[in-house]
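Encoded as structure tokens, the structure appears first; notes follow it.
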Amino acid sequence: MTTLAPLPDETLAGRLKWTLHDYRTIVGQEFTHLWRQPVNFLWQLGFPIVMVLLFVYVFGSAMDVTGQGAGVDYVAYAMPGLFAMTMAFGFMNTAMAVASAKEKGFIDRVRSMPMASSAVVVGRNIADTIHAAIDLLVLFLIALAIGWRSEGTVMETLTAFVLLLWLRFALIWVGVWIGLLVKNVEQAGNLFALAFPFGMVSSVFTPPELMPGWLGTIAAWNPVSATATAIRELFGNPVAAGSSWPEQHALMAAVIWPVVITVIFLPLGVRRFRNLGR
Amino acid sequence: MTTTTVEAQNLGKRYKDTVALEGFDLAAESGTVLGLLGPNGAGKTTTVRILTTLLRFDTGTARVAGFDVGRDARQVRRRIGLTGQQTAVDEVLTARQNLVLFGKLFRLNKHQARERADRLLDQFGLTEAADRQAKGFSGGMKRRLDLAASMILAPQVLFLDEPTTGLDPAGRREVWDAVSGLAADGTTVVLTTHYLDEADRLCDRIAVIDHGRNLVDDTPAGLKRRMGHDRLEIVAADTADLEALHGIVAAVADGEIAADETASSVSAPVKESVAALTAAATAVRDRGLTVADIGLRRPTLDEAFLELIGTETKEGRQ
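Protein chains in written order, with the working numbering: chain A, -5 to 272; chain B, 5 to 322.
Shown next as structure tokens:
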């Protein structure tokens, strides 16, 4: 005996309910991953943690970002930068996960089923954002442990947290697009060579003012810098901002940049997904 | 009464600079197993991707379970299952979690999904491994889990793209049994393979495809008849005997005799294979010769293809 799979009601509400059901199922799948691979999760945090240790303890004593002498306030300057950098590199996780789902035929299987096939991608995004929030919490705790403090109010601190996730959320679309673009997981992994300068040529560890002119301009306009500078202001940490527009209007830039990224990469990702059928 | 469950006519598909399918026809009767047999790059996967609504095509029509693949993709998706070339299971999840996940995506509630998972695990002999991560499974187990996942709702049509590639003999047997069982329960199966024995064992009909075109469409028995005869092969123990052996083979041969000096062997196609073998063996004994080996050899798939392609071109010319 063969059975017929159900279809959603042909109403807007019916379709919406149907789609949400699939999103929830895929998010649930991602969380089962987290639950089953706690070690993996810790490894992903390993990179920012190593960066914290390197920059704060190895290079930190030689860094003079506030003009008050080497090493002064470096932890307070670098920690918000590290938060922003972790969010920036997060899109690589998305790209690898999407590339893997594509390579293993998971996306094909889902597309041949009567479910909302966008769930593979959107469900991922929701899960990734929640995942990033957990990443951030763990990093906050580590930062607190090594002496970093937020001088801002609770509201300001929470706003900073939301701005960080806002950047991560926008970059997910870049990750989705890349994940669908590359042939396999290996290729996606190779793109770290591009992701690394994207995260580092910014105000994450050093003020753009201290870089050679042209590089400083790139760094100042880097979306990662906008978020880093904005949250430094919110946390009441040393800012060391230059005179460029995004550095002077960091909060606004930190809101706008992710919008720009989403507006560009969301349609690209959607088009790529549709073109899987070509 | 039989109905045609899968029907494609004049399918054409072109990628940027290569033609994947050209004027390809395909038909599978309800409840039968149709094999798509062909070398790599022949267009097998393209055909499966088109029929499972994953790929748009340029020309022709395709209907699956009574619905147009292009216009009624959603209706088609309700009625099909797909097991692609890669095992599309989530390797981090356990076998049971995988099946429950797909069950939920097919709108089963938690209880139904668990119940269905249990039945499938049992049916595919995965009950013992049910709560282990799929990561640690053997190739055959992963494939069976993959098959189980594509059968959550016992689809009307199941598509399998090279279901046994990369499996050991035991794994292949497991998959074959599962497929036969499904077909017996009324599911129409379309599978691609480049193994002749697999097509022979599982399929009711075989469509041979090459360069995106239909080559032959026949039953396994019919296909074998077209593939030419068995070859009788004798390997000499002493090269001095080659000439005598040549004579023995010539007496029963039905076609050109091939002698291979380096392998010290003589072979030729034979019609009544068992009779020819007996006659040749008797002749060898009567003459008091010793041979290293004597036996019948089925044509390999490569030879079969060459032969098929050869026949087609000849027929085309006439």
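All residues carry an ideal CB built from backbone N, CA and C; glycine is no exception.
- Selection of the stretch 86 to 103 of chain B by Cβ proximity to chain A, strictly under 9 Å: Within the stretch 86 to 103 of chain B, the qualifying residues are L86, T87, G88, Q89, Q90, T91, A92, V93, D94, E95, V96, L97, T98, Q101.
- When A:N216, A:Y17, A:S94 are compared against R111 of chain B, the one with the closest alpha-carbon: The candidate whose alpha carbon is nearest that of R111 of chain B is A:Y17.
- Message: To the nearest angstrom, how far is the alpha carbon of A225 of chain B from that of A66 of chain B?
- Response: If I take the Cα positions, the gap works out to 27 Å.
- Taking 8 Å as the CB-CB cut-off, is G28 of chain B touching chain A? Correcting the residue type first, residue 28 of chain B is Phe in the shown sequence and not Gly. For F28 of chain B, the nearest beta carbon of chain A is not closer than 8 Å to its own beta carbon.
- Message: Against T19 of chain A, what residues of chain B qualify as contacts under a CB-to-CB distance less than 9 Å, listed in chain order?
- Response: Correct list: L105, K108, L109.
- Query: If we cut at 8 Å on Cβ distances, does D3 of chain A have a partner in chain B?
  - Reply: For D3 of chain A, the answer is no, since every Cβ of chain B falls outside 8 Å of its Cβ.
- Task: Taking only the alpha-carbon atoms, compute the straight-line gap between F134 of chain A and T200 of chain A and give it to the nearest angstrom.
- Result: Cα-Cα distance, rounded: 20 Å.
- Query: Closest Cβ-Cβ distance between A158 of chain B and chain A: below 8 Å?
  - Reply: Residue-level contact check: A158 of chain B touches chain A, since one or more beta carbons of chain A fall below 8 Å from its beta carbon.
- Could you name the residues of chain A that T65 of chain B contacts, counting a contact when the two beta carbons are closer than 8 Å? Ordered by position in chain A, no residue passes the 8 Å Cβ test against T65 of chain B, which lies about 17 Å from the chain.
- Message: Quick check on this structure: which residue in A:N87, A:V115, A:M86 has the alpha carbon closest to the alpha carbon of F100 of chain A?
- Response: Answer by Cα proximity: A:V115.
- Query: Are V68 of chain B and D208 of chain B touching if we call contact CB-CB under 8 Å?
  - Reply: Their beta carbons are not under 8 Å apart, which means V68 of chain B does not touch D208 of chain B by this criterion.
- Query: When the Cα atoms are used, what is the spatial distance from W215 of chain A to W208 of chain A?
  - Reply: Rounded to whole angstroms, W215 of chain A and W208 of chain A show a C-alpha spacing of 11 Å.
- Query: Are the C-beta atoms of F267 of chain A and some chain B residue less than 8 Å apart?
  - Reply: Taking Cβ atoms only, chain B never reaches closer than 8 Å to F267 of chain A, which makes this a no.
- Query: Given that I298 of chain B touches chain A, what residues does it touch there, using C-beta distances under 7 Å?
  - Reply: Chain-order list of chain A residues neighbouring I298 of chain B: empty, with the shortest C-beta distance near 47 Å, by a criterion of under 7 Å.
- Measuring alpha carbon to alpha carbon, tell me which of B:G74, B:L157, B:V253, B:G64 ends up nearest L355 of chain B. Outside the modelled stretch of chain B, which goes from 5 to 322, sits residue 355 of chain B, for which no answer is possible.
- Using the rule of at least 16 other Cβ atoms within 10 Å of the residue's Cβ for burial, across every protein chain shown, is P32 of chain A buried or exposed? By the 10 Å Cβ count, P32 of chain A comes out exposed.
- Query: Do the stretch 85 to 98 of chain A and the stretch 37 to 52 of chain B touch if we need at least three Cβ pairs shorter than 8 Å?
  - Reply: Counting Cβ pairs under 8 Å, fewer than three are found: no touch.
- Query: Are any of the Cβ atoms in chain A nearer than 8 Å to that of R82 of chain B?
  - Reply: With 8 Å as the cut-off, R82 of chain B counts as an interface residue toward chain A.
- Message: Determine whether the beta carbon atoms of L151 of chain B and V193 of chain B lie at a separation below 8 Å.
- Response: Cβ distance not < 8 Å, so L151 of chain B and V193 of chain B don't count as in contact.
- Task: Measure from the C-beta of M90 of chain A to each C-beta in chain B and report whether the shortest distance is under 8 Å.
- Result: So no, M90 of chain A is outside the interface.
- According to DSSP, residues forming a beta bridge with T223 of chain A: In the DSSP assignment, T223 of chain A forms no beta bridge with any residue.
- Report buried or exposed for E145 of chain A, applying the criterion of at least 16 other Cβ atoms within 10 angstroms of its Cβ. Around the beta carbon of E145 of chain A, fewer than 16 other beta carbons sit within 10 angstroms, so the residue counts as exposed.
- Residue interval of the beta strand (DSSP E) (run including I238 of chain B): First-last of the beta strand (DSSP E) with I238 of chain B: 235 to 240.
- Item | Neighbouring residues, chain B, relative to T26 of chain A (Cβ below 7 Å) | Correct list: L97, Q101.
- Do the stretch 189 to 205 of chain B and the stretch 161 to 175 of chain B touch if we need at least three Cβ pairs shorter than 8 Å? Pairwise C-beta distances place the stretch 189 to 205 of chain B in contact with the stretch 161 to 175 of chain B, as three or more of them are shorter than 8 Å.
- Own chain partners of I124 of chain A with C-beta closer than 6 Å, once the 5 adjacent residues on each side are dropped: Excluding residues within five positions, none has a Cβ falling inside 6 Å.
- Task: Put D94 of chain B into one of helix, strand or coil per three-state DSSP.
- Result: Reduced to three states, the DSSP call for D94 of chain B is coil.
- Query: Name the residues in the stretch 81 to 112 of chain A whose C-beta lies less than 8 Å from a C-beta of chain B; which are they?
  - Reply: When C-beta distances to chain B are compared with 8 Å, the residues of the stretch 81 to 112 of chain A below that value are E97, K98, G99, F100, D102, R103, V104, R105, S106, M107, P108, M109, in chain order.
- Message: When you compare the CB positions of S271 of chain B and A262 of chain B, do they come within less than 8 Å of one another, or not?
- Response: A contact, by the Cβ cut-off of 8 Å.
- Task: Name, please, each residue of chain B whose Cβ falls closer than 7 Å to the Cβ of P0 of chain A.
- Result: R111, listed in chain order.
- Which value, in whole angstroms, describes the spacing of the CA atoms of F192 of chain A and V220 of chain B? Taking the straight line from one Cα to the other gives about 56 Å.
- Item | Any alpha helix (DSSP H) of 4 or more consecutive residues that is wholly inside the stretch 202 to 262 of chain B | Residue ranges of uninterrupted alpha helix (DSSP H) with 4 or more members, entirely inside the stretch 202 to 262 of chain B and ordered along the chain, are 224 to 230, 246 to 256.
- Can you tell me where the alpha helix (DSSP H) with K177 of chain A in it begins and where it stops? Counting along the chain, K177 of chain A falls outside any alpha helix (DSSP H), and DSSP gives it neither H nor E.
- Message: Which residue wins for smallest C-alpha separation from A283 of chain B, given the options B:V80, B:A92, B:Q13, B:E237?
- Response: Nearest C-alpha to A283 of chain B among B:V80, B:A92, B:Q13, B:E237: B:E237.
- Query: How many Å lie between A154 of chain A and E227 of chain A at the Cα?
  - Reply: Taken atom to atom, the span from the alpha-carbon of A154 of chain A to that of E227 of chain A is near 9 Å.
- Can you tell which of B:V96, B:G216, B:R118 has its C-alpha closest to the C-alpha of G42 of chain B? Out of B:V96, B:G216, B:R118, B:G216 has the C-alpha closest to the C-alpha of G42 of chain B.
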